[in-house]
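In the working numbering, the protein residues as written are 663 to 849.
Quick reminder that beta carbons are idealized off the backbone N, C-alpha and C, glycines included.
In structure tokens:
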């Protein structure tokens, strides 16, 4: 017969409370991750007992808007005979979509994503950010960034909501021209 060690009441209460909190937080995280509008986000925060001004909402491009912008950038490049990749990232730097044009080089995919990420992270065209490297050369060491022309931010009410990056043309100026064409269709 095996001997079973008895656990104290205090240990059982702490363990049970910790488990309940973990389940509640896990459920809240799953719910808030799937929330697609402000109403559900606020409801999730209220359900979790969050009080006051402790939450925030952000604006993101719809997939349709991101697709239109990316296609406009790709069309602008193809019109000039350039083979590029276009990437659109959201405010958090997550890739929303990429379009790799016919014949675009293999390096263009990663470069386009990094240019888009860099543009949205600093809310500035990457051609402007390149100039900052003279004063702060270690900026280029920040992970997932690329300080080459070709990325532009997309803003709403002066706040960055997305980034568009283009890579593969023979110059960063052309890449940025095409990225700007994508941003321009959004208004």
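Through-space distance from residue j to residue i, alpha-carbon basis
i           : j           : result
residue 782 : residue 770 : 18 Å
residue 721 : residue 757 : 15 Å
residue 714 : residue 725 : 32 Å
residue 738 : residue 846 : 11 Å
residue 807 : residue 730 : 24 Å
residue 832 : residue 718 : 41 Å
residue 716 : residue 836 : 43 Å
residue 763 : residue 823 : 24 Å
residue 690 : residue 830 : Residue confidence for residue 690 is low, a pLDDT of 37 falling below 50, so the modelled location carries little weight and cannot support an answer.
residue 761 : residue 735 : 10 Å
The alpha helix (DSSP H) enclosing residue i, as first and last residue numbers
i           : result
residue 757 : Run containing residue 757: none in the alpha helix (DSSP H); it sits in the beta strand (DSSP E), 757-762.
residue 844 : 834-846
Start-to-end residues for the beta strand (DSSP E) that takes in residue i
i           : result
residue 748 : 747-752
residue 804 : Per DSSP, residue 804 belongs to no beta strand (DSSP E) and is neither H nor E.
residue 828 : 821-829
Spatial neighbours of residue i in its chain, beta-carbon cut-off 6 Å, leaving aside the 5 residues before and after
i           : result
residue 728 : 750, 758, 759
Where residue i falls, given that 16 or more other Cβ within 10 Å makes a residue buried
i           : result
residue 743 : exposed
residue 767 : exposed
residue 795 : exposed
residue 747 : buried
residue 752 : buried
residue 798 : exposed
8 Å Cβ shell around residue i - same chain, five flanking residues per side excluded
i           : result
residue 838 : 787, 788, 789, 811, 812, 813, 814, 828
residue 818 : 721
residue 699 : For residue 699, the predicted model reports a pLDDT of 45, less than 50, meaning its position is unreliable; a value from the coordinates is still stated below. Excluding positions up to five away in sequence, the list is empty.
Residues of its chain near residue i, where Cβ-Cβ distance is below 7 Å and the 5 sequence neighbours each way are ignored
i           : result
residue 842 : 814
residue 791 : 780, 784, 809
residue 804 : none
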